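Taking it in order: structure first as structure tokens, then the write-up.
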Amino acid sequence: MTYLDGNASEPLRPAARAALLAALEITGNPASVHAAGRVARATLEAARERLAARFGCDPAGVVLTSGGTESIAFAIHMLAEGRCVLTGATEHDAVRAAHARETLPVDADGVLDLPALDAALAAGGPALVCVMAANNETGVIQPTLAIAELCHRRGALLFCDAVQAAGRVGFDLAASGADAAAVSSHKLGGPQGAGAALLAPRMAERVRPLIAGGGQERGRRGGTPAVATLAGFAAAADADRLSPELLRGAVEAAAVACGAQVNGAGAERLPNTASIWLPGVLAATQVMALDLAGVAVSAGAACSSGKVAASHVLIAMGLRHAATESIRVSLPWNATEADVAAFAAAYQTMATRVSRRAA
Ligand code: PLP
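The opening residue of the sequence shown carries number 1288 in the working numbering; numbering runs sequentially from there.
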């Protein structure tokens, strides 16, 4: 099988597998004071320090969780207290579902409309703005630092969903200017079921848990942490990131040669992600045809890949037809030229068959 759906879940990196398996041998609970507990605690704190170093924040600002969605829900819950929540129109459903909100428009390439953000902040009261570092469907990268400066000038806070950016181009909380961010293990080659909310020093002492419990994570997230999974996450985060820009270019060229268009092509994008529109052919039909040919891609976000829904991301970019006729090809960290060749052959066969049927 040719796996080109890394934005849904990356294959496990060897370093992550090794760290995960080693930590599975640990018996203790990190909250226990005896020797076994102290071993678990040391493993957990080592993972926290690695993640803090990788993502540009203090270890005290790393809240360990079960994944991207929980990290997003926790950070928004904490930061939104007493604030109105404004979210970019192309945010992931995990952000869109987290809070009652107002939506901010994007341009035709999916980049946030900064004058519209400024006007919304000027018109309203205290706000929390939620804008992702990079989009999961199109790979479009947002100007996070400029957005943070604008938010802070207007007295607003910025939350940044860095789930996709972290494993592809890296993410540094301090450099982003955001007040908090979310990252997820399985999007960067770690095991599923681990993630972290990253808090800037000015936020790290706040205590407003989403899940209250035994006081873990400095009272910010109750529950025994998944020590082994988190150790695997930290090992994956330390691995070198991929930059398969050449491979993405080859994927896009093969599709364009068959009459397709690339969505968001005018913006800076993640080097592994291509959103490809084949006019007149439903995304579900394309995904199924490619799957039958042994190539795994998705129709938009992973969470909705079971349904045939129009992409809210492409609709927000003004691409109404593309919203039901686009597939996402996302190269995982171990993608090869042979994978791209397999995609190109399967895509061409599919496109030829479809156009023959239409003729
Ligand atoms: N945010 C973005 C941009 C994503 O792509 C995803 C997953 O697809 C999530 C959040 C949710 O992350 P997780 O699957 O770890 O809950």
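Quick reminder that beta carbons are idealized off the backbone N, C-alpha and C, glycines included.
In this text the structure is predicted, and so the values were computed from the model without any measurement.
E1612 versus A1632, A1638, A1622 and W1620, residue with shortest Cα-Cα distance: Here residue 1612 is taken as the residue at index 325 of the sequence shown, counted from 1. Among A1632, A1638, A1622 and W1620, the Cα nearest to that of E1612 belongs to A1638.
A1518 to A1409 span [Cα, whole Å]: Counting from one through the sequence shown, the residue named residue 1518 turns up at place 231. Counting from one through the sequence shown, the residue named residue 1409 turns up at place 122. A1518 and A1409: Cα-Cα distance of roughly 43 Å.
Span of the beta strand (DSSP E), counted from its first residue to its last, around T1374: Counting from one through the sequence shown, the residue named residue 1374 turns up at place 87. Note, T1374: beta strand (DSSP E), C1371 to G1375.
Same chain, Cβ closer than 8 Å to A1583, neighbours up to 5 away in sequence not counted: Locating residue 1583 in the sequence shown gives position 296, where the first residue counts as 1. Counting only Cβ-Cβ distances below 8 Å, and skipping sequence neighbours, we find M1288, T1289, Y1290, L1291, D1292 and L1577.
Inter-stretch contact (C-beta, 8 Å, three-pair minimum) for the stretch 1321-1331 and the stretch 1501-1508: The stretch 1321-1331 vs the stretch 1501-1508: no contact.
Coarse secondary structure for S1591, derived from DSSP in three states: Against the sequence shown, residue 1591 aligns to sequence position 304. Because S1591 sits at a pLDDT of 49, beneath the cut-off of 50, its placement in the model cannot be relied upon, and the point is left open.
Option in A1526, I1498, A1561 and G1546 with minimal Cα separation from A1537: Your numbering for residue 1537 matches position 250 in the sequence shown. Taking only the C-alpha atoms, the option nearest A1537 is A1561.
Other residues of its chain near L1601: CB distance less than 7 Å, five sequence neighbours each side excluded: To locate residue 1601, count along the sequence shown from 1; it is residue 314. So the list reads N1550, A1609, A1610 and S1613, once near-sequence residues are dropped.
Buried/exposed call for R1300, threshold 16 Cβ in 10 Å: By 1-based counting over the sequence shown, the position of residue 1300 is 13. Under this definition R1300 is a buried residue.
Beta-carbon separation (whole angstroms), A1248 vs L1307, contact threshold 8 Å: Outside the modelled stretch of the chain, which goes from 1288 to 1646, sits residue 1248, for which no answer is possible.
Opposing strand residues paired with C1417 [DSSP bridges]: Taking the sequence shown and counting its residues from 1, one reaches residue 1417 at position 130. DSSP, once it has assigned bridges, lists T1374 and F1446 as partnering C1417.
D1292 - DSSP class collapsed to helix/strand/coil: If you number the sequence shown from 1, residue 1292 lands on position 5. Three-state result, D1292: strand.
Rounded C-alpha distance that separates A1362 from A1625: Here residue 1362 corresponds to residue number 75 of the sequence shown, with the count starting at 1. Here residue 1625 corresponds to residue number 338 of the sequence shown, with the count starting at 1. Those two C-alpha atoms are separated by around 40 Å.
At least 3 beta-carbon pairs within less than 8 Å: the stretch 1348-1362 vs the stretch 1479-1493: yes
Residue closest to S1647, alpha-carbon to alpha-carbon, out of L1557, I1563, A1522 and R1615: Past the boundaries of the shown model lies residue 1647; the chain is included only from 1288 to 1646, so the question cannot be answered.
C-alpha distance - A1633 paired with V1372, whole-angstrom precision: In the sequence shown, residue 1633 corresponds to position 346, counting from 1. In the sequence shown, residue 1372 corresponds to position 85, counting from 1. Each residue's alpha carbon lies about 43 Å from the other.
DSSP beta-bridge partners of S1585: Mapped onto the sequence shown, residue 1585 falls at position 298. S1585 has R1615 as its beta-bridge partners, per DSSP.
D1448 classed as buried or exposed, judged by whether at least 16 other C-beta atoms fall within 10 angstroms: Here residue 1448 refers to the residue found at position 161 when the sequence shown is read from its first residue. It counts as buried.
Within the stretch 1518-1548, ranges of the beta strand (DSSP E) (whole runs, at least 3 residues): Here no run is fully enclosed.
A1303, DSSP secondary structure in three states: For the purposes of this step, residue 1303 is taken as the residue at position 16 of the sequence shown. Helix at A1303.
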